[in-house]
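The next block holds one structure in the form of structure tokens; read it before the comments.
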Amino acid sequence: MPENGSRPQVEPDLTVNFAGIRSPNPFWLASAPPTNSGEQVMRAFDAGWGGAVWKTIGEPIVNVSSRYSSIDWNGQRMMGLNNIELISDRPLEDNLREIAEVKKRYPRHAVVASLMVESKREAWHTIVAQAEDAGADGLELNFGCPHGMSERGMGSAVGQVPEYTEMITAWVKEKAKTPVIVKLTPNIADITVIARAAKRGGADAVSAINTINSITGIDLDTFIPRPNVDGKSSHGGYCGPAVRPIALNMVQQVASDPEAALPISGIGGIANWQDAAEFILLGCGTVQVCTAVMHYGYRIVEDMIDGLTNWMRQKGFATIEDFRGLSVGRVTEWKHLNLSYKIVARIDEAKCIGCELCYIACWDGAHQCIHLDRVSGPVDGHDVELHTPPAAIEAATRASIAVTPIPKLDGHGPATGATPLARIPRVDETECVGCNLCSLVCPVEQCITMVEVETGKGPETWEERTSSQGGAKECAPPGLTTQRS
Amino acid sequence: MRQDPSIAEKFQDLHPPFAPQAARVEADRCLNCFDAPCTAACPTHIDVPRFIGKIARDNLRGSALTILDANVLGESCSRACPVEVLCEGACVFHRCNQQPIQIARLQRFAMDAFHASGGTLPRRSAVERAEKIACIGAGPASLACAAELRQRGFQATIFERRPLPGGLNTYGVAEYKLPARASVEEIELIRKLGVEFRHGVEIATEADVAALEREFDALFLGVGLGPAHRLGIPGDDHRDVIDALEFIAQYKTDTPPQVAESVAVIGAGNTAIDAANAARRLGAANVAILYRRTQRQMPAFSFEYEHAKQEGVRFLWRVMPVRIHADEGGIRSLECVQVQIGEGGALSPVPGSTFHFDCGQIICAIGQSPLLQLLSAVRGVELRHGRVAVDRPTGRTANPKYYAGGDCVNGGREVVDAVADGKRSGIAIAEHLERAAQGAGSPEAVHA
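Those sequence lines, one after another, are chains A and B.
Note that our numbering has the first sequence beginning at 1, numbered continuously upward.
Note that our numbering has the second sequence beginning at 1, numbered continuously upward.
Here's what the structure looks like:
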């Protein structure tokens with residue numbers, strides 16, 4: 001890893017060459033409503049987007065209303081977005097004409113045509129030729145759409161069957177002159193199975209993930225799930241910030257599989273430069289954005305570019321390739337983790353505001369090693385310790401007599417002073433398992449930190465431990481294990 | 001209640017209610033602290049994070065019932081409480097440079113929704129008990145005591161000399177905080193619960209008390225304080241020298257008092273500030289609070305002081321009234337002298353500092369004396385410094401049949417303190433009578 005400050009300042013270059021498709025930056029719009037027309041795509045390019053995957057073209061369809069529903073969380077809108085909209089409902093010739101116009105006006109930007117037609121070789125050959133004749137820089141095969149189109153044998157109906165994926169990818173490759181990207185569905189047990197099939201079919205790249213099958217919620221007055229189409233709903237495709245961890249995991253699985261490894265365009269809840277950097281660190285060459293633009297508009301790309309550039313400058317990265325994939329190898333199987341590594345929670349008493357959320361989380365949700373009773377003397381250890389349990393602490397408060405302070409008599413004001421020691425929890429470090437939970441619930445930044453403690457033991461993984469004891473034990477369902485005695 | 005229609009206009013809400021979405025946004029900010037300091041700071045220990053969480057999750061009935069479970073006057077407390085020194089003052093957000101949760105406005109939001117939906121107070125026990133308890137005075141302490149007992153199935157009766165229930169809640173809290181109408185509506189729920197109210201009944205003599213003792217199994221003294229202190233200077237019997245509490249009660253529940261162009265308010269407690277602000281809103285151009293000591297010793301909360309300055313009230317410190325000058329046209333001026341504060345807080349006039357404060361009206365807010373006549377009529381109840389001496393956790397007096405709470409015990413604190421006292425006494429009375437009934441075999445045996 002480059003050292004901060006030790007190398008000369010570089011002006012980062014964000015340009016990318018993704019499987020042969022060039023674009024001024026890695027920020028592409030995903031195939032979705034924001035790329036529905038040439039007028040939109042040109043405004044997006046003006047705002048700074050480096051590329052756009054056109055809203056999927058094919059045989060025109062008819063849409064329903066309504067089409068979207070979302071999950072809000074703690075007052076934040078659209079933590080997750082769900083849609084039952086189909087592919088482009090505009091005439092094919094309009095889309096093709098506009099693709100040509102955009103390419104003519106924006107020759108340096110990437111325009112990728114997303115395609116979906118019925119599973120016939122001729123149909124695919126025709127649409128490939130039409131898209132490339134219009135000037136598309138590449139093709140994305142929509143094998144991921146989980147709603148509506150899949151009922152008609154398209155979208156995820158293809159992407160969930162490796163043989164179909166391989167076959168149709170191969171048909172496309174027979175005709176295509178531009179790079180072919182296969183868009184992967186997450187609605188499958190092992191995404192690498194489909195990624196491998198795409199590679200066998202000759203794909204030049206994959207994009208992942210498409211939306212996740214979902215029902216976002218139910219109206220508790222009408223009992224109708226959302227989105228409501230005249231009293232009924234249908235399972236839709238889930239996206240937005242909520243799906244990002246799932247997308248990162250699937251991207252890492254593809255990136256680390258030698259039989260699936262292709263350039264990856266990362267998709268799934270990307271809303272800012274930090275999200276983008278994470279996908280690139282796990283191997284993505286470009287990232288695609290939809291929900292955040294549907295929420296806030298094309299303008300969000302300004303800080304995606306600015307933020308990523310500043311971060312790259314700070315880290316000394318001159319190009320995207322300088323850090324692409326750096327974190328792939330940092331994800332490993334559990335059995336390779338170091339069992340001797342130990343961290344414990346430390347509470348910074350100067351920062352603690354006395355909310356005691358770490359205490360109740362540790363008692364009810366973890367390992368009962370954060371305490372409110374400050375005691376002197378040697379009580380830490382594995383002997384039986386008597387602590388006041390949470391319910392008794394709350395009961396004591398309710399039984400206490402409190403009065404409104406009169407300034408002249410009692411003279412205390414708002415809680416602006418230091419947190420009383422009695423409200424600052426303490427960590428029993430000999431009991432702390434280093435799970436992180438307290439530091440996750442603490443509302444104050446850097447108040448609870450996890451600190452490494454010396455165990456005096458050399459590094460040892462589970463694999464090493466079990467092999468030194470005569471071979472690793474396989475995890476098998478009961479009845480299937482061969483090692484039962 | 002004969003409140004003048006102009007009052008609502010002149011005394012609009014100081015803290016306007018939340019719109020539903022704003023309430024949910026604010027509720028979502030709450031950290032849901034464990035053993036929350038806000039709950040600990042509240043004299044009635046309302047489970048604040050719990051009721052706020054229920055607002056965030058759109059369970060408004062559950063939210064209101066959480067509040068009412070701890071504090072039957074949750075509506076008036078949400079408006080009248082000095083939350084800056086109570087729940088909101090204890091909010092941990094103060095310690096990380098964030099605004100505290102607006103607990104009072106959220107509480108009002110839940111309570112307003114409860115009242116709008118026609119909510120009623122729940123019973124804690126469906127068992128109907130025969131024991132009768134008298135609560136003397138219809139202020140917050142008695143209301144809380146009577147409601148607690150009624151919720152547990154006892155027969156509670158409140159005696160009140162004034163025509164409206166609520167005590168200072170109805171008659172004494174600044175209208176821009178708690179309108180008299182809101183106070184009365186809140187108490188209507190207690191009436192619906194089955195608490196009996198006997199208005200226009202003055203309990204003052206030993207004979208009155210003896211009659212109550214014959215009729216009731218236990219008595220609760222929630223009588224508040226007695227007459228206002230007088231200035232004790234020449235001219236203080238002028239009809240335009242008025243008591244602050246009477247002044248406030250009059251504008252809230254009767255024909256608004258005529259205010260002079262210039263008004264002097266004597267005293268610097270919270271009541272003085274309420275009266276001074278009211279004088280401004282009722283039309284006085286020049287209102288000044290005159291106080292013998294300095295801002296540091298002022299009994300009023302500092303946020304009340306800041307509010308009064310915003311209302312245009314002036315403060316004159318280290319000023320002692322000496323004499324009231326009046327002629328046929330009314331009061332002309334208040335003669336005052338500057339004082340200096342010596343060792344131990346002793347005040348002495350500054351020679352040659354006499355001045356005249358020109359005013360047509362003088363409002364006194366220098367405290368109230370205890371209700372000694374009534375309290376001395378009750379045999380066996382001990383007084384300490386004019387206050388009823390009680391066992392704090394139960395409110396029981398030296399006479400085991402009598403319990404007491406509120407201002408007559410604490411010398412004059414807040415509504416919420418009175419509610420806490422009344423509730424504690426209600427629980428203690430109920431437990432005492434239940435034990436007595438068990439000892440005697442059946443509840444009816446008590447009356448046999």
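All C-beta atoms in this analysis are idealised placements derived from N, C-alpha and C, irrespective of residue type, glycine included.
Which of the three DSSP states, helix, strand or coil, is assigned to residue i?
i, result
"A/C239", "strand"
"A/F498", "Residue 498 of chain A is absent from the structure shown; chain A starts at 1 and stops at 485."
"A/T319", "strand"
"A/S233", "coil"
"A/M1", "Because the pLDDT of A/M1 is 46, which lies under 50, any placement of that residue in the model is unreliable, and the question is left without a value."
"B/H307", "helix"
"A/I99", "helix"
"A/Q288", "strand"
"B/N270", "helix"
"A/K457", "coil"
"A/E118", "coil"
"A/F223", "coil"
"B/A146", "helix"
Judging by CA-CA distance, which residue of the options is the nearest neighbour of residue i?
i, options, result
"A/P91", "A/P60, A/V112, A/I71, A/K103", "A/P60"
"A/Q252", "A/C239, A/T388, A/P24, A/G268", "A/G268"
"B/D274", "B/C87, B/E306, B/Q258", "B/E306"
"A/C355", "A/C290, A/A422, A/P405, A/W334", "A/A422"
"B/E185", "B/G118, B/Q361, B/L86, B/N71", "B/G118"
"A/A276", "A/P26, A/A205, A/F317", "A/P26"
"B/Q361", "B/V287, B/L372, B/L245, B/A27", "B/V287"
"A/Q76", "B/A40, B/A346, B/D28, B/P351", "B/D28"
"A/A402", "B/N399, B/V419, B/A22, B/A404", "B/V419"
Ends of the alpha helix (DSSP H) at residue i?
i, result
"A/W28", "That residue, A/W28, is in no alpha helix (DSSP H); its beta strand (DSSP E) goes 27-29."
"B/Q340", "That residue, B/Q340, is in no alpha helix (DSSP H); its beta strand (DSSP E) goes 330-341."
"B/E75", "74-80"
"A/L248", "244-255"
"B/F114", "103-116"
"A/D364", "357-365"
"A/E464", "462-468"
"A/E445", "Careful: A/E445 lies outside any alpha helix (DSSP H) and carries neither H nor E."
"B/E9", "5-10"
Compare the beta carbon distance of residue i and residue j with 8 Å and say whether it is the shorter of the two.
i, j, result
"B/F451", "B/A110", "Outside the displayed range of chain B (1 to 448) lies residue 451 of chain B, so it cannot be described from this structure."
"B/T255", "B/M1", "no"
"A/R346", "A/V427", "yes"
"A/G283", "A/V331", "no"
"A/E85", "A/R105", "no"
"A/H109", "A/S23", "yes"
"B/L212", "B/Y402", "no"
"B/V319", "B/Q338", "yes"
"A/I57", "A/I87", "yes"
"A/E166", "A/S207", "no"
"B/I136", "B/G62", "no"
"B/A285", "B/C364", "no"
"B/H229", "B/S76", "no"
What span of residues does the beta strand (DSSP E) with residue i cover, start to end?
i, result
"A/W273", "Note, A/W273: premise wrong, no beta strand (DSSP E); alpha helix (DSSP H) at 273-281."
"A/E452", "448-452"
"A/N63", "Neither: A/N63 is in no beta strand (DSSP E) and is coded neither H nor E."
"B/K458", "Lying outside 1 to 448, the shown extent of chain B, residue 458 of chain B is not represented and no answer is given."
"B/K423", "Not the beta strand (DSSP E): B/K423 falls in the alpha helix (DSSP H), residues 415-440."
"B/P321", "319-327"
"A/L14", "Neither: A/L14 is in no beta strand (DSSP E) and is coded neither H nor E."
Looking only at DSSP bridge pairs, what is residue i linked to?
i, result
"B/L347", "B/I341"
"B/D455", "Here chain B has residues from 1 to 448 only, and residue 455 of chain B is not among them."
"A/W73", "A/Q76"
"B/S262", "B/N286"
"A/M167", "Looking at the DSSP assignment, A/M167 forms no beta bridge with any residue, so it has no partner."
"A/K183", "A/N142, A/S207"
"B/F220", "B/C135, B/Y403"
"B/F159", "B/I136, B/R198"
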